[in-house]
Ligand SMILES: Cc1ncc(C[n+]2csc(CCOP(=O)(O)OP(=O)(O)O)c2C)c(N)n1
Ligand code: SF4
Ligand SMILES: [Mg+2]
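Residue numbers (my numbering): 496 to 781.
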C-alpha cells in the first residue's frame with residue numbers, strides 16, 4: 496500500500512503553517528501503509544480540538560465525538576467488530592483533561608486499540624488556554640499569572656495503571672515516531688502513544704528548538720518490561736525520554752474478557768438478535 500491510498504480527493508486543512516500536526520498526519524499515513532491496513536479496515540475516533548480534526552484529513556472511517564469522549568466509542572467499536580483496526584486520536588486537553596476519566600478506565604479495560612495523543616501542552620483550537628500538560632508557570636490570556644497546577648504526567652499514570660503499551664514520541668522525528676506508531680498498532684491491547692507536538696501559534700515555550708534540547712531516546716539496553724524502571728524514567732524532568740517505556744504482553748484484552756466472545760467468536764455486529772430479545776428491549780424502554 497501507498498500513503499496515497501489514504502488521500503482524500505479534496506481537503507481544506509485548517510491547521511497553521513508549521514504546526515506539528517502535519518508531521519503526525521504524514522507519519523500515521525506512512526505507518527498504516529507499511530502495515531498494509533486499508534482505509535476500509537480502519538476506524539479513527541476523535542473528540543474535539545485541532546488534533547481531533549485528523550480523521551477528516553485522510554481517507555478512513557471515522558467518528559468525531561464529543562469533547563473528551565473518543566475512548567468510549569473506540570472501545571465499543573472494537574468490541575462490536577474486533578477485526579477492525581481502531582485508533583482513538585485527539586489532543587492533550589481532550590484526552591487528559593475533558594477525557595481524563597475515560598483515559599484511566601480505558602487503561603483498566605485494556606481494549607485492543609491505539610491511543611494517539613497530540614501533546615502540544617496547550618488548548619490550540621480555543622486559542623491558547625492552558626491544558627493539563629502545560630508547564631507550571633505557563634502564561635496564557637486566561638492564566639495571566641501562569642499555571643499554578645502541576646502538569647499531568649500521562650506516561651506515569653499509564654505505567655501506574657499497568658497499561659499494556661506506553662510510549663512517547665516527538666512529531667519532529669518522523670522516522671522514530673513511525674516505528675513507535677507501527678509497534679503500537681501491532682500491539683494486542685491498549686497502546687498509548689503520547690506525541691510531543693509543537694503548536695507554533697499558542698505555545699511559544701515548548702517550541703521545536705525547546706524539544707530538540709529537552710528530549711532523548713531510551714537506549715537499546717533499556718528493558719521495557721521492567722515496570723519500576725519504566726516509572727522512574729517517566730518522572731525524569733530535565734531531559735524527557737522518548738521511546739517505548741513499558742510493555743506488558745500478559746494482559747488479556749477487553750474483548751477477550753467479554754463473556755460473549757468466550758462463548759462465540761462471531762463479531763457482535765454479525766450476530767442476529769432474536770426477536771424475543773428485541774421485544775424485551777422495547778419493553779425496557781417503556
Ligand atoms: C464540553 C466542552 N468544553 C469545552 C469545549 C471547548 N473546547 C473545544 S476544543 C478545546 C481544547 C482542545 O485542546 P486539545 O485537546 O489540547 O486539542 P488541540 O486543539 O490543542 O489540538 C476546548 C476547551 C468544548 N467544545 N466542549
Ligand atoms: S493553533 Fe497550534 S495546534 Fe492548532 S493548528 Fe495552529 S499550530 Fe497547530
Ligand atoms: Mg492541545
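Using N, Cα and C, we set each Cβ at its ideal position, and we do this for glycine too.
Taking the DSSP output, what are the residues bridged to residue 502?
-> Answer is none; residue 502 lacks a bridge partner.
Can you tell me whether DSSP reads residue 586 as helix, strand or coil?
-> Shown here, residue 586 sits in a strand according to DSSP, grouped into three states.
Heavy atom of ligand 2 within 7 Å of residue 619 beta-carbon | Checking the Cβ of residue 619 against ligand 2 gives yes.
Taking just the CA atoms, how far does residue 748 sit from residue 658?
-> Looking at the two C-alpha atoms, the distance is approximately 11 Å.
Which whole runs of the beta strand (DSSP E) in the segment 571–630 are 3 residues long or more, in chain order?
-> Counting whole runs of 3 or more residues, the segment 571–630 contains the beta strand (DSSP E) stretches 580–586 and 609–614.
Which residues bound the alpha helix (DSSP H) around residue 515?
-> From DSSP, the alpha helix (DSSP H) with residue 515 extends over 515–529.
Secondary structure at residue 668, three-state DSSP: helix, strand or coil?
-> Residue state, collapsed to three classes: coil.
Cβ neighbours of residue 682 in the same chain (closer than 6 Å, five flanking residues each side left out) | Cβ within range, chain order: 660.
To the nearest angstrom, report how far apart residue 620 and residue 697 are at their CA atoms.
-> Residue 620 and residue 697 have their alpha carbons spaced roughly 10 Å apart.
Looking at the structure shown, is residue 565 part of a helix, part of a strand, or coil, going by DSSP?
-> Coil.
Beta-carbon proximity of residue 544 to residue 565, cut-off 8 Å | Against a cut-off of 8 Å, the Cβ pair of residue 565 and residue 544 comes out as no contact.
Residue of 519, 570, 578 and 569 minimising C-alpha distance to residue 552 = Out of 519, 570, 578 and 569, 519 has the C-alpha closest to the C-alpha of residue 552.
Roughly how many whole angstroms lie between the Cα atoms of residue 770 and residue 777?
-> Going by the C-alpha atoms only, they are around 11 Å apart.
Compute the minimum distance between the beta carbon of residue 651 and the heavy atoms of ligand 2, and state whether it is under 7 Å.
-> Not so, every heavy atom of ligand 2 lies at least 7 Å from the Cβ.
May I have the straight-line CA-CA distance separating residue 671 from residue 611, to the nearest angstrom?
-> Computed Cα separation, rounded: 15 Å.
Which of helix, strand or coil DSSP assigns to residue 541 | Residue state, collapsed to three classes: strand.
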